[in-house]
Amino acid sequence: ILKEKGAAPSALEEEVAKALFDIEVSPSSDIKADLRDIVINSAQDFEVKNRTALIVHFPFRVWKNVQKIQGRLVHELEKKFSK
């Protein structure tokens, strides 16, 4: 988690980072090599039509890597955060 000027990450950001790490170390994950270099800036929850949307912000320098695995990453995060 990269925050500006050493700001402390929120609980949600810690949870997203842990989920990304869990996906990376999972033996069945096919995106584990791509996740190694990915970091997040922030994460937010939004209520949209009685459902919760999770917004994850990535730094621009890792965006190319995120685009390559975006579909699979969203699918894995949906499994982790389905409540």
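In terms of the working numbering, the sequence shown opens at residue 19 and continues consecutively. From the three backbone atoms N, C-alpha and C, an ideal C-beta is built for every residue, glycine too.
- Nearest C-alpha to I87 among L38, I19, E32: L38.
- Contact between L20 and V74 fails: their C-beta atoms lie close to 13 Å from each other, not under 8 Å.
- If you look at V34, you'll find it in the alpha helix (DSSP H) that goes 29-43.
- Proximity to R90 across K23, S46, N68 peaks at S46, based on C-alpha coordinates.
- Shortest Cα-Cα distance from L72 to any of G24, D48, A35, A25 involves A35.
- When secondary structure is reduced to three states using DSSP, I49 falls in the coil class, being assigned neither helix nor strand.
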